[in-house]
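Numbering (our numbering), first residue to last: 6 to 464.
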Ligand code: ADP
Ligand code: MG
């Protein structure tokens, strides 16, 4: 089996876990060997090994088995070679937070040759995110233009640049493209990128270990500060205060600040007024999900990057299925390609429909709530029971069936399914879907029940 298959498996993982988890734990894994039912995966550090062999092991096994891959166990091997040697040079500082077990901090220091490779294996600026490979559509043209303007003249206009919009529509891509462009054109510029969660963790770490000075200095000496997903600053009083001072210091010195958020500043709960007014000082841009044509172009670009040519009908099919999230769009494409690679079939429309579900069977007017309601009704249960905490068998099985239908009929992501069913952990959804999938093959009666519910969904 080739590494491309593992990459395809990762495509499915990407759909099931949060982006942060994906980047931190999965993205830089690699298939080393697959022999006698044992799959050996190369990872870049011991934290990755611990996480993948513990918390995520079952999920990976489920995905592999579901895709018909013969594997009895997974083993993880730390391969220092996977980390470029350069990344350990002093132009990069990585602090590990032993509690969170993830890279706590990524600092890019000025260096005469921009070191892209070293960014690619952890949460930091990813050199993959450039302006060139961002497909501009009507919902993103303004954001794209503003980001380019900031990249060519940081700190002069649009300061701060505040970009907001839904999940998976390219915010991180664009703001990191700014960082990459500046680092390339003006290598002396100190570009600092962090998610607000990293900022919070480093701040707490600094207080705990009485290194607040170093922390403040790190952020306040940036020429360009890029803060991702600022909405998570909600409810964090002390961090808001700290960020306020950081912001002021930079802004007064005409340093560029770029911020992304999933909502406009005024909708971030408990955001202090003084931060709200600071965020509104520069340029605030509302980014929209790509329209149908843009989604088709994105799919074309992604597949031709992989040297795969897909029929227009297949492209349009996928673009119809996923309407408001480019990450999911890529995930669907990856799932299809993974399926074709593993089964050695061509990615025709029929195959796409089989793998991804047919559009006709997934009318938009049916909501997840309705699927859960109809399932509950069929089993004469209350919807509260299905989405509630009860663990009785009479409730657990219908709950699993509802999850199965959401996955099979709607291609919904596992985290979303878990959320809809009131579960905290998305692995519950993965287990349920796998379990029902297996049982259907054995039980004609279960198959009939599910078929009946399915039919009732569409009347
Ligand atoms: P967000 O930060 O808004 O949640 P991301 O920037 O992480 O979204 O985008 C999710 C994925 O989709 C990334 O892999 C990104 O490269 C890709 N992507 C998003 N929008 C576009 C686009 N317009 N053109 C090309 N790729 C895109
Ligand atoms: Mg993002």
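All C-beta atoms, glycine included, are put in the ideal place defined by N, C-alpha and C.
Here the distance from the Cβ of residue 177 to the nearest heavy atom of the ligand ADP is below 7 Å. Distances from the alpha-carbon of residue 282 to those of 294, 293, 292, 269 put 269 closest. Residue state for residue 38 is assigned as strand, using DSSP reduced to three classes.
The closest heavy atom of the ligand MG lies less than 7 Å from the beta carbon of residue 265.
Beta-bridge annotation (DSSP): residue 392 is not paired with any residue. For the pair residue 62 and residue 79, the CB atoms are nearer than the 8 Å cut-off.
Comparing C-alpha distances from residue 154 to each of 263, 220, 444 shows the shortest one belongs to 263.
Between residue 131 and residue 181, the gap from beta carbon to beta carbon is short of 8 Å.
Residue burial annotation: residue 22 is buried, with at least 16 other C-beta atoms found within 10 angstroms of its C-beta.
Rounded to whole angstroms, residue 135 and residue 220 show a C-alpha spacing of 28 Å. Excluding residues up to 5 positions away in sequence, 458 lie with their Cβ nearer than 6 Å to the Cβ of residue 383 in the same chain. Taking the Cβ of residue 291 as the reference point, every heavy atom of the ligand MG lies at 7 Å or farther away. Counting every other CB atom within 10 Å of its CB across the protein chains shown gives residue 339 a total of 16 or more, marking it as buried. A distance criterion of 7 Å places the beta-carbon of residue 308 beyond contact range of the ligand ADP, judged by its closest non-hydrogen atom.
Rounded to the nearest whole angstrom, the C-alpha separation of residue 20 and residue 331 is 11 Å.
Distance from the Cα of residue 82 is smallest, within the candidate group 72, 68, 45, for 45. Assigned with DSSP and collapsed to three states, residue 200 falls in strand.
Look at residue 303 here: in three-state DSSP terms it is helix. Bounds of any alpha helix (DSSP H) do not take in residue 351, whose DSSP letter is neither H nor E. Rounded to whole angstroms, the gap between the alpha carbons of residue 203 and residue 287 is 24 Å. Just measuring C-alpha positions, the residue of 248, 230, 138 sitting nearest residue 309 is 138. Contact between residue 42 and residue 75 holds, since their C-beta atoms are separated by about 6 Å, short of 8 Å. For residue 47, the enclosing beta strand (DSSP E) has its first and last residue at 43-48. In the structure shown, the three-state DSSP call for residue 233 is strand. As the crow flies, the alpha-carbon of residue 84 is around 21 Å from that of residue 13.
Each of 49, 371, 211 was checked against the Cα of residue 410, and the nearest Cα belongs to 371. Counting along the chain, the unbroken alpha helix (DSSP H) around residue 457 starts and ends at 449-462. Shown here, residue 385 sits in coil according to DSSP, grouped into three states, outside any helix or strand. For the pair residue 165 and residue 229, the CB atoms are not nearer than the 8 Å cut-off. A buried status is given to residue 179, since no fewer than 16 other beta-carbon atoms sit within 10 Å of its beta-carbon. Pairing residue 273 with residue 312, the inter-Cα distance amounts to about 42 Å. Remark: three or more beta-carbon pairs, one from each stretch, lie closer than 8 Å, so the region 199-213 and the region 229-243 are flagged as touching.
Here residue 169 is bridged, per DSSP, to 266, 291.
Approximately 13 Å separates the beta-carbon atoms of residue 419 and residue 407; this is outside 8 Å, ruling out the contact. Taken through DSSP and simplified to helix, strand or coil, residue 78 comes out as strand.
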